[in-house]
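Undergrad: Mapping of the sequence shown onto full-length UniProt numbering: residues 1 to 252, in sequence order.
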Amino acid sequence: MPQANPDLLHLLDVTSRSLPGLNGRVGDAHREEFRLGAAYNRDHIAALHEHWRLAHPEAGPHYWSTRSWTLLIWQPIYLCLLGVHLAQRAPCLAQMGQSVNEGFVSGFCLPEHCPRQAAPQRLIELAAEQLREQLAHQLVEFQGVVGIKAKMANRLAADYVLAALLFIQRQQGFCNGRAHALECQWLDALSLQDESSLIDVHLDDGRERLALGRKVCCQHFRRADGALCSTCPKIREAERIERLRQELAAEC
1 MPQANPDLLH LLDVTSRSLP GLNGRVGDAH REEFRLGAAY NRDHIAALHE HWRLAHPEAG
61 PHYWSTRSWT LLIWQPIYLC LLGVHLAQRA PCLAQMGQSV NEGFVSGFCL PEHCPRQAAP
121 QRLIELAAEQ LREQLAHQLV EFQGVVGIKA KMANRLAADY VLAALLFIQR QQGFCNGRAH
181 ALECQWLDAL SLQDESSLID VHLDDGRERL ALGRKVCCQH FRRADGALCS TCPKIREAER
241 IERLRQELAA EC
């Protein structure tokens with residue numbers, strides 16, 4: 001069997017080492033994996049939703065749909081952002097397969113191809129074009145099985161984009177100004193402007209850290225073991241900022 005494209009292998013190696021759980025292989029998707037547009041994908045989406053309905057019947061349909069949607073989109077989002085900023089390559093997401101085990105989506109495959117390389121701004125545009133198309137088609141397919149409003153789905157996607165950007169900032173150590181610039185570039189390129197944001201949090205020791213300024217609730221609080229996240233928009237802004245200040249100060 002011929003060796004896979006070295007640029008693709010490099011991208012997969014960098015992303016898997018950077019974020020355990022984001023493990024990719026080169027090859028075609030199996031029948032048991034999610035693959036956008038496949039005839040069996042509706043059944044997989046329904047099974048994923050049913051897993052979370054049975055696991056947390058008390059949480060209700062808003063939680064079941066939100067949890068299922070975010071599990072389907074987190075890997076393409078993180079793969080694109082980590083690929084661009086950590087491996088300087090933009091993968092092709094067409095025919096991407098995603099593995100699922102016990103209700104969790106983790107692990108993926110990409111067919112043999114040569115990831116794109118370009119100047120930083122252009123590379124973001126190329127990756128965002130792939131990701132924008134993937135998310136749009138995934139939403140149509142998802143809505144054919146499970147009810148979720150497009151605005152909520154897009155805001156959840158934007159949250160994951162910026163969460164990935166915060167992860168990359170921790171990896172590379174660039175300044176908050178650079179993070180805000182990248183925030184604008186990615187959200188603009190994905191047509192997700194104003195669907196989420198990064199907010200500045202001022203700590204007692206004078207440092208400034210960034211956190212998610214989310215505009216939609218992930219619905220985790222609906223679970224019997226759940227609670228409102230510190231970034232939840234259901235919490236008053238002043239309380240959110242105080243909780244974030246404490247969390248971020250404890251991380252340092």
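Think of the CB as a built atom: it goes at the ideal place given N, C-alpha and C, for glycine as much as any other residue.
The beta strand (DSSP E) spanning Leu198 covers which residue range?
TA: Locating residue 198 in the sequence shown gives position 198, counting from the first residue. From DSSP, the beta strand (DSSP E) with Leu198 extends over 198 to 202.
Undergrad: Determine, using beta carbons only, whether Arg178 and Ser196 come nearer to each other than 8 Å.
TA: Here residue 178 is taken as the residue at index 178 of the sequence shown, counted from 1. Here residue 196 is taken as the residue at index 196 of the sequence shown, counted from 1. No, the pair does not count as a contact, with Cβ atoms beyond the cut-off.
Undergrad: So if DSSP puts Gly24 in a beta bridge, which residue, or which two residues, is it bridged to?
TA: Taking the first residue of the sequence shown as position 1, residue 24 is located at position 24. The partner list for Gly24 (beta bridge, DSSP) reads Phe108.
Undergrad: Is it right to say Gly83 is buried, meaning 16 or more other beta carbons lie within 10 angstroms of its own, or is it exposed?
TA: Residue mapping note: residue 83 aligns to position 83 of the sequence shown, counting from 1. Looking at its Cβ environment, which holds 16 or more other Cβ atoms inside 10 Å, Gly83 is buried.
Undergrad: What are the partner residues of Arg209, as DSSP defines its beta bridges?
TA: Residue numbering aside, residue 209 sits at position 209 when the sequence shown is read from its first letter. DSSP lists Val201 as partners of Arg209.
Undergrad: Quick one: does the C-beta of Pro233 sit closer than 7 Å to a heavy atom of the ligand ZN?
TA: In terms of ligand content, the structure shown is empty, and the ligand ZN therefore cannot be addressed.
Undergrad: Decide if the segment 84 to 102 is in contact with the segment 148 to 155; the criterion is three or more beta carbon pairs, one per stretch, under 8 Å apart.
TA: Short answer: they don't touch.
Undergrad: Rounded to a whole number of angstroms, what is the C-alpha to C-alpha distance between Glu129 and Leu190?
TA: Position 129 of the sequence shown, counted from the first residue, corresponds to residue 129. Position 190 of the sequence shown, counted from the first residue, corresponds to residue 190. Approximately 7 Å between the Cα atoms of the pair.
Undergrad: Looking at the structure shown, is Asn176 part of a helix, part of a strand, or coil, going by DSSP?
TA: Residue mapping note: residue 176 aligns to position 176 of the sequence shown, counting from 1. In this structure, Asn176 counts as helix in the three-state DSSP scheme.
Undergrad: What three-state label does DSSP hand Gly97 in the structure shown?
TA: On the sequence shown, residue 97 is found 97 positions in, with the first residue counted as 1. If DSSP states are grouped into helix, strand and coil, Gly97 belongs with the strands.
Undergrad: In three-state DSSP terms, what is Arg31?
TA: Translated into positions along the sequence shown, residue 31 becomes position 31. It is coil, neither helix nor strand.
Undergrad: Could you tell me the distance, in whole angstroms, from the CA atom of Ser230 to the CA atom of Arg35?
TA: As a first step, residue 230 is located in the sequence shown; it is residue number 230 there, counting from the start. As a first step, residue 35 is located in the sequence shown; it is residue number 35 there, counting from the start. If you take the alpha carbons of Ser230 and Arg35, they lie about 33 Å apart.
Undergrad: Checking 8 Å against the spacing of the C-beta atoms, do Tyr40 and Arg53 come in under that value?
TA: Counting from 1 along the sequence shown, the entry for residue 40 is found at position 40. Counting from 1 along the sequence shown, the entry for residue 53 is found at position 53. Their beta carbons are not under 8 Å apart, which means Tyr40 does not touch Arg53 by this criterion.
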